[in-house]
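Trainee: So the protein sequences, as listed, match chains A and D. Under UniProt numbering, the first sequence has 93 at position 93, and the numbering climbs by one with no breaks. Under UniProt numbering, the second sequence has 112 at position 112, and the numbering climbs by one with no breaks. Don't be surprised by glycine CBs; every beta carbon is placed ideally from N, CA and C. Predicted, not measured: the structure shown is a model, and the values here were computed from it. Please find one structure pasted underneath; my questions will follow.
There are 2 protein chains.
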Amino acid sequence: MANHGTGRLPKYRQIAAELRDAIQAGVYGPGDRLPGENELMAEHGVARMTARQALGVLQSEGVVEARKGAGVFVRSFRPVRRRGVQRLAEDVWGAGRSVWSADVESRDLVVDGVRVTEEAAPGPVAGVLGLEETETVCVRRRRFVLDGKTVMLSSSYLPAALVAGTAITTPDSGPGGTYARLAELGCKPVHFREEIRCRMPSAEEAERLQLSPGTPVIDICRTAFAESGRAVEVNEMTLDSASYALEYDFGA
Amino acid sequence: MANHGTGRLPKYRQIAAELRDAIQAGVYGPGDRLPGENELMAEHGVARMTARQALGVLQSEGVVEARKGAGVFVRSFRPVRRRGVQRLAEDVWGAGRSVWSADVESRDLVVDGVRVTEEAAPGPVAGVLGLEETETVCVRRRRFVLDGKTVMLSSSYLPAALVAGTAITTPDSGPGGTYARLAELGCKPVHFREEIRCRMPSAEEAERLQLSPGTPVIDICRTAFAESGRAVEVNEMTLDSASYALEYDFGA
DNA sequence: GAGTGGTCTAGACCACACC
DNA sequence: GTGTGGTCTAGACCACTCC
C-alpha cells in the first residue's frame with residue numbers, strides 16, 4: 001500500500017523526521033539512546049523493516065549511531081581544529097617542532113604505524129613531482145590517532161633520488177621532520193597548495209578509520225614547493241570528517 | 001541463517017564488493033547501468049531485499065545512483081575548482097568583477113534566488129561580528145546554479161547598522177559586490193578566515209541541493225576582517241561535495 | 001505493457017551487550 | 001537470559017521509465 005493516509009511522505013521518512021526533530025529540539029541529547037526498533041514498531045504500528053529503515057535514514061545522515069546489542073544513540077561531535085596556514089609556517093617546523101603538534105594542544109595524539117618504502121610513483125603524483133616513468137618515490141605512510149581513535153591516514157611522496165641517504169627514508173625523520181630535512185638538502189619548502197575534496201569512504205577506508213555509517217571523509221592533497229618552484233613533496237591525507245574542522249587564513 | 005558458507009562477509013556486502021570491484025576495474029564506466037535487483041537475485045540466488053541492500057551499500061558510498069523505473073547507474077564526477085585565496089584577492093573584487101567569476105571559467109553559472117532580509121543575528125554569528133543582543137544583521141541569501149544544477153547555498157551576514165542605505169541591502173550589490181561596497185564604507189576587507197567542515201546533509205538540504213544519496217556537503221564559514229581587526233562579514237556556505245574541489249595556496 | 005526501483009509486511013535465526 | 005540490532009527470506013502493491 002506504500003503511501004496512503006497521513007501524508008505524502010513514506011512512513012519511514014515520517015518516523016525519521018519525527019526523531020530528527022526530537023533530537024534537534026534537545027529531547028535526545030548526544031549519547032542518549034533513541035527508541036529502538038521494537039518500540040518504533042509498537043508506537044507507529046509498522047513492520048520491523050519499516051522502523052529499521054527510519055533509523056537507517058538517521059544513521060546515513062550521521063545523526064545517530066547503532067551499537068549492536070545495545071541500541072541506537074545520538075552521536076556527538078568534537079572536531080579538532082586544523083590550521084592550514086599557521087601549522088606550516090617556517091617558525092613551527094624551523095624550531096624543531098612537529099608540524100602536527102601545532103594542531104592539537106592538550107589531547108592525546110599518537111602517530112603510529114609509520115612505514116617508509118620506495119615505490120614506483122602513482123601517475124598523478126609523478127606528474128606533479130615532475131618524475132620520469134622509471135624514477136621512484138620515497139613513501140612515508142602514517143596513521144594519526146587522537147584519544148584512541150584513528151583520525152587520519154597520510155601518505156607522503158618524495159622523489160627517491162632527492163632524499164636518498166637522509167633521515168627522511170627512516171621512520172623517525174628527526175627534529176623538525178621531513179621539511180627540516182628538505183631544507184638541509186637545499187630544497188626548503190616555501191609554498192604550499194592544499195586541495196580538498198569530500199566523499200563517502202569505501203568499506204575498507206571506513207574500517208581503517210573506524211568510521212560509523214554516515215561519516216564522510218575529507219581528502220587533502222598537499223603539494224610543497226621549493227624556492228625554485230619545484231614540487232618536492234606530495235602528501236595525500238584522508239581525514240575522518242567527524243574529527244576535523246579545517247581552517248585557512250589569508251589576506252585580500 | 002545470516003552468515004554461513006562462502007565467507008565471513010554478509011551476502012549483501014559480498015555482492016556490493018563484487019560490483020564495486022567491477023566498477024573500479026572499468027567493467028562499468030560512468031553512466032553505465034548496473035545489474036538490477038532482479039538480475040542480482042537470479043545470479044546470486046538471494047531474496048530481493050538482499051540484492052537491494054547490496055545496491056544500497058554502493059549508493060550510500062556515492063558510487064552509484066538509482067533512477068526510479070530505469071535502473072542503477074555509475075555516477076561520474078566533474079568537480080569545479082574553487083581557489084580559496086586568489087578568488088578573494090583585492091584585484092579581483094577591487095576591479096569591479098564578481099568574486100564568484102574567479103571560480104568558473106567556461107561553464108554556465110547562474111546566481112539566482114537572491115533574497116536580502118534584516119534579521120536578528122544567530123548566536124554564533126553575533127558573537128563573531130561583535131554585536132549586542134538587540135542589534136540586527138543584513139542577510140543576503142543566494143543560490144548558485146552550475147550547468148543547471150544547484151551547487152551551493154550561501155548566507156552572508158553583515159551588521160545592519162553598518163550597511164544600512166547601501167547597495168548591500170539590495171539584491172544587486174553593484175560592481176565588485178559586497179566587498180567593494182564595504183571598502184567604500186571604510187571597512188575594506190583585508191583578511192579572511194575560512195573554516196571547513198564536512199557532513200551528510202539533512203533530508204531538506206539534500207532536496208534543495210538536488211543531492212543523490214551518498215553525497216556529503218561541505219560547510220564553509222568565511223569571516224572577513226577589516227584593517228581594524230573588526231569582523232565585517234560572516235558568510236556561511238553549503239556546497240555539494242560532488243561539484244567542488246577546494247584549493248588553498250599559501251607560503252611557509 | 002513490461003521492467004525497474006520504492007515502499008511495506010510478517011515472519012525467521014544470529015551475534016552481541018548488558019544484567 | 002533477555003533484549004538489542006544485523007542479516008535474510010518470500011511474498012505484495014505502487015510509481016515511474018522506456019518502449
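1) Out of D:VAL74, D:THR50 and D:MET49, which one is the CA nearest neighbour of ALA22 (chain D)?
2) Step through the CB atoms of chain A and report whether any lies within less than 8 Å of the CB of PRO124 (chain D).
3) State yes or no: is the C-beta of ARG81 (chain D) within less than 8 Å of the C-beta of ALA183 (chain D)?
4) Can you name, in chain order, every residue of its own chain whose Cβ lies under 8 Å from the Cβ of VAL63 (chain A), other than the five neighbours on each side?
5) Return the CA-CA distance between ALA16 (chain A) and LEU153 (chain A), expressed in angstroms with no decimal places.
6) DSSP three-state label for SER249 (chain A), please.
7) Between which two residues does the beta strand (DSSP E) carrying residue 306 (chain A) extend?
8) Flag this pair as yes or no: are the beta carbons of ALA120 (chain A) and CYS138 (chain A) separated by less than 8 Å?
9) I'd like to know whether the C-beta of ARG230 (chain D) is nearer than 8 Å to at least one C-beta of chain A.
10) Residues of chain A with CB under 7 Å from TYR12 (chain D), in chain order?
11) Under three-state DSSP, which class holds ALA224 (chain D)?
12) ASP32 (chain A) touches chain D at which residues, Cβ-Cβ below 7 Å?
13) Of all the CB atoms in chain A, is at least one closer than 8 Å to the CB of HIS44 (chain D)?
14) Run through chain A and tell me which residues come within less than 8 Å of GLU61 (chain D), C-beta to C-beta.
15) State the beta-bridge partners of GLY71 (chain A) as determined by DSSP.
16) Just by C-beta distance, which residues in the segment 146 to 171 of chain A are closer than 7 Å to chain D?
17) So that I know if they touch, is there some Cβ in chain D lying closer than 8 Å to that of GLY214 (chain A)?
18) Kindly indicate which residue of D:ARG33, D:GLY45 and D:MET237 has the alpha-carbon position closest to the one of ARG222 (chain D).
19) Would you give the residue range spanned by the alpha helix (DSSP H) that ALA180 (chain D) belongs to?
20) Would you report the Cα separation of GLU43 (chain D) and TYR157 (chain A), rounded to the nearest angstrom?
21) Closer than 9 Å between beta carbons: that is the criterion. Which residues of the segment 234 to 248 of chain D meet it against chain A?
22) Taking the alpha carbon of THR136 (chain A) as the reference point, which residue from A:GLY127, A:ALA70 and A:TYR179 has its own alpha carbon closest?
23) Note down the Cα distance separating ASP219 (chain D) from GLU39 (chain D), rounded to an integer number of angstroms.
24) Whose C-alpha, out of D:GLU195, D:GLU18 and D:PHE77, is nearest the C-alpha of PRO30 (chain D)?
25) Go to GLU155 (chain D), then tell me how far its beta strand (DSSP E) extends in each direction, as first and last residue.
26) When burial is assigned at 16 or more other CB atoms within 10 Å of the CB, is MET200 (chain D) buried or exposed?
27) List, in order along the chain, the chain A residues whose C-beta lies closer than 9 Å to that of VAL190 (chain D)?
28) Please return the same chain residues whose Cβ sits closer than 7 Å to the Cβ of VAL163 (chain A), not counting the five positions on each side in sequence.
29) Would you decide whether LEU9 (chain A) is buried or exposed? Buried here means 16 or more other CB atoms lie within 10 Å of its CB.
30) Alpha carbon to alpha carbon, how far is GLY56 (chain A) from LEU185 (chain A)?
31) Output yes if chain A places a C-beta closer than 8 Å to the C-beta of GLY84 (chain D); else output no.
32) I'd like to know if ALA66 (chain A) contacts chain D, where contact means its C-beta is closer than 8 Å to some C-beta of that chain.
33) In whole angstroms, what separates the C-alpha of SER243 (chain A) from that of ARG115 (chain D)?
34) For the beta strand (DSSP E) containing PRO124 (chain A), list its first residue and its last residue.
35) Leaving out five residues on either side along the sequence, give the residues of the same chain with a beta carbon under 8 Å from the beta carbon of GLU227 (chain D).
36) Quick check on the DSSP output: the alpha helix (DSSP H) that includes PHE55 (chain A) runs from which residue to which?
Mentor: Let's see:
1) The residue given as residue 22 (chain D) occupies position 22 in the second sequence. The candidate whose alpha carbon is nearest that of ALA22 (chain D) is D:VAL74.
2) Counted from its first residue, the second sequence places residue 124 (chain D) at position 124. Answer no: the Cβ-Cβ gap between PRO124 (chain D) and chain A never drops below 8 Å.
3) Translated into positions along the second sequence, residue 81 (chain D) becomes position 81. Translated into positions along the second sequence, residue 183 (chain D) becomes position 183. In this structure, ALA183 (chain D) does not lie closer than 8 Å to ARG81 (chain D) by Cβ.
4) By 1-based counting over the first sequence, the position of residue 63 (chain A) is 63. Answer for VAL63 (chain A): ARG20, ILE23, VAL74, ARG75 and GLY214, listed in chain order.
5) Within the first sequence, residue 16 (chain A) is the residue found at index 16, counting from 1. Within the first sequence, residue 153 (chain A) is the residue found at index 153, counting from 1. Distance between the alpha carbons of ALA16 (chain A) and LEU153 (chain A) is about 33 Å.
6) Along the first sequence, read from residue 1 onward, the residue named residue 249 (chain A) stands at position 249. Note that residue 249 (chain A) corresponds to Asp in the displayed sequence, not to Ser. Strand.
7) Because chain A spans 1 through 252 in this model, residue 306 (chain A) falls outside it and cannot be assessed.
8) As a working mapping, residue 120 (chain A) is identified with position 120 in the first sequence. As a working mapping, residue 138 (chain A) is identified with position 138 in the first sequence. No. Outside cutoff.
9) Numbered from its first residue, the second sequence carries residue 230 (chain D) at position 230. Closer than 8 Å: no.
10) For the purposes of this step, residue 12 (chain D) is taken as residue 12 along the second sequence, with counting starting at 1. What TYR12 (chain D) touches in chain A: nothing, since even the nearest Cβ is about 12 Å away.
11) To locate residue 224 (chain D), count along the second sequence from 1; it is residue 224. Three-state DSSP puts ALA224 (chain D) in a strand.
12) The residue labelled residue 32 (chain A) in the question sits at position 32 within the first sequence. Simply none; closest approach about 19 Å.
13) Counting from 1 along the second sequence, the entry for residue 44 (chain D) is found at position 44. Chain A, which has no Cβ nearer than 8 Å to the Cβ of HIS44 (chain D), makes this no.
14) By 1-based counting over the second sequence, the position of residue 61 (chain D) is 61. Within 8 Å Cβ-Cβ: MET200, PRO201, SER202 and ALA203.
15) Within the first sequence, residue 71 (chain A) is the residue found at index 71, counting from 1. BP columns for GLY71 (chain A) point to A:ARG67.
16) none
17) Indexing the first sequence from 1 puts residue 214 (chain A) at position 214. Output row for GLY214 (chain A): interface = yes.
18) Counted from its first residue, the second sequence places residue 222 (chain D) at position 222. Nearest of D:ARG33, D:GLY45 and D:MET237 to ARG222 (chain D), Cα basis: D:MET237.
19) Taking the second sequence and counting its residues from 1, the one referred to as residue 180 (chain D) is at position 180. It spans 177 to 184 - the alpha helix (DSSP H) in which ALA180 (chain D) sits, taken as one unbroken run.
20) Along the second sequence, read from residue 1 onward, the residue named residue 43 (chain D) stands at position 43. Along the first sequence, read from residue 1 onward, the residue named residue 157 (chain A) stands at position 157. Answer to the nearest angstrom: the Cα atoms are 43 Å apart.
21) LEU239, SER241, ALA242, TYR244, ALA245, LEU246, GLU247 and TYR248
22) Locating residue 136 (chain A) in the first sequence gives position 136, counting from the first residue. Looking at the Cα atoms, A:GLY127 is the closest of the given residues.
23) Position 219 of the second sequence, counted from the start, is the residue given in the question as residue 219 (chain D). Position 39 of the second sequence, counted from the start, is the residue given in the question as residue 39 (chain D). Each residue's alpha carbon lies about 39 Å from the other.
24) Within the second sequence, the letter at position 30 stands for residue 30 (chain D). Per the Cα distances, D:PHE77.
25) Locating residue 155 (chain D) in the second sequence gives position 155, where the first residue counts as 1. According to the sequence provided, residue 155 (chain D) is Ser. The question's Glu does not apply to it. Unbroken beta strand (DSSP E) run through SER155 (chain D): 149 to 159.
26) Position 200 of the second sequence, counted from the start, is the residue given in the question as residue 200 (chain D). The residue is buried, with at least 16 neighbouring Cβ atoms inside 10 Å.
27) Counting from one through the second sequence, the residue named residue 190 (chain D) turns up at place 190. The contacting residues are GLY251 and ALA252.
28) Position 163 of the first sequence holds residue 163 (chain A). For VAL163 (chain A), where only same-chain residues beyond five positions count, the Cβ hits under 7 Å are CYS138 and THR169.
29) Counted from its first residue, the first sequence places residue 9 (chain A) at position 9. By the neighbour-count rule (16 or more Cβ atoms within 10 Å), LEU9 (chain A) is not buried but exposed.
30) In the first sequence, residue 56 (chain A) corresponds to position 56, counting from 1. In the first sequence, residue 185 (chain A) corresponds to position 185, counting from 1. For GLY56 (chain A) and LEU185 (chain A), the distance between alpha carbons rounds to 53 Å.
31) The count along the second sequence starts at 1 and reaches residue 84 (chain D) at position 84. Interface residue, yes.
32) In the first sequence, residue 66 (chain A) corresponds to position 66, counting from 1. No, ALA66 (chain A) does not count as interfacial toward chain D.
33) For the purposes of this step, residue 243 (chain A) is taken as residue 243 along the first sequence, with counting starting at 1. For the purposes of this step, residue 115 (chain D) is taken as residue 115 along the second sequence, with counting starting at 1. Taking the straight line joining both Cα atoms gives about 34 Å.
34) Translated into the one-based positions of the first sequence, residue 124 (chain A) becomes position 124. Where PRO124 (chain A) is concerned, there is no enclosing beta strand (DSSP E), although the alpha helix (DSSP H) it sits in stretches over 123 to 129.
35) Reading the second sequence from its first residue, position 227 is the one you call residue 227 (chain D). Around GLU227 (chain D): LYS188 and VAL190.
36) The sequence position of residue 55 (chain A) within the first sequence is 55, counting from 1. It is Leu, not Phe, that sits at residue 55 (chain A) in the sequence shown. Note, LEU55 (chain A): alpha helix (DSSP H), 48 to 60.
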